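Chemist: Quick one: the structure is below, and I'll ask about it shortly.
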């Protein structure tokens with residue numbers, strides 16, 4: 268069952284269906300990657316909805332998702348997309364780990380990727396020279412958090 272949930276989750280992502288991605292999470296879900304640390308289905312699902320809507324609006328022409336090595340608790344995925352803040356192309360390489368509840372909902376989702384590699388692509392020279400530093404990572408996290416808060420606030424109106 269867990270493997271099918273992961274397969275359906277990434278199939279929804281491939282078609283940019285944030286609502287279907289959100290539906291895969293339990294109410295008490297957590298998500299973590301180098302840019303986000305989120306708690307609760309609303310925030311986690313909101314992040315995926317924000318990302319899918321942004322891709323649909325500003326980069327669907329170049330969007331590509333390859334998923335492989337799916338098990339009952341892990342997946343390897345490689346998205347190619349235009350980073351909306353800079354317009355730069357990114358090919359990220361991500362390993363995901365999942366924990367499920369008894370109902371087959373995701374309660375924990377952790378994505379691992381090389382932040383320096385990502386920042387060089389997404390941010391250009393700033394990422395090249397500062398992508399290894401905690402300072403840039405904190406700045407990216409703060410910006411991502413502000414963007415999500417703004418997105419969620421607009422959706423509540």
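In my numbering, the protein residues as written are 268 to 424. Cβ coordinates follow ideal geometry from the N, Cα and C atoms, glycine included. Please read these numbers as outputs of a predicted model, since none were measured by experiment.
Which residue marks the beginning of the beta strand (DSSP E) containing residue 261, and which one marks its end?
Modeler: Beyond the ends of the chain as shown, which are 268 and 424, falls residue 261; an answer cannot be given.
Chemist: By how many angstroms is the C-alpha of residue 383 removed from the C-alpha of residue 394?
Modeler: Spanning the two alpha carbons is a distance of roughly 7 Å.
Chemist: Let me make sure I understand the geometry here. Which of 282, 291 and 329 has the alpha-carbon closest to that of residue 374?
Modeler: Residue 374 has its Cα closest to that of 291, out of 282, 291 and 329.
Chemist: Ordered along the chain, which non-local residues of its own chain (more than five positions away) have a Cβ less than 6 Å from that of residue 418?
Modeler: These residues qualify, in order along the chain: 317.
Chemist: Just the C-alpha distance for residue 400 and residue 351, rounded to the nearest angstrom, thanks.
Modeler: Approximately 22 Å, taken between the alpha carbons.
Chemist: Would you mind listing the beta strand (DSSP E) stretches within the segment 363-422 that are 3+ residues and don't spill past its ends, in chain order?
Modeler: Complete beta strand (DSSP E) runs here, min 3: 373-379.
Chemist: Across which residues does DSSP place residue 325 in a beta bridge pair?
Modeler: Looking at the DSSP assignment, residue 325 forms no beta bridge with any residue, so it has no partner.
Chemist: For the alpha helix (DSSP H) holding residue 288, just list the boundary residues, first then last.
Modeler: From DSSP, the alpha helix (DSSP H) with residue 288 extends over 285-290.
Chemist: Compute the distance between the beta-carbons of residue 413 and residue 389, then report whether it is under 8 Å.
Modeler: Not closer than 8 Å, so no.
Chemist: Just checking my contact of residue 358 with residue 298 at CB under 8 Å: how many whole Å lie between their CB atoms?
Modeler: At roughly 22 Å, the Cβ-Cβ gap does not stay under 8 Å, so residue 358 and residue 298 are not in contact.
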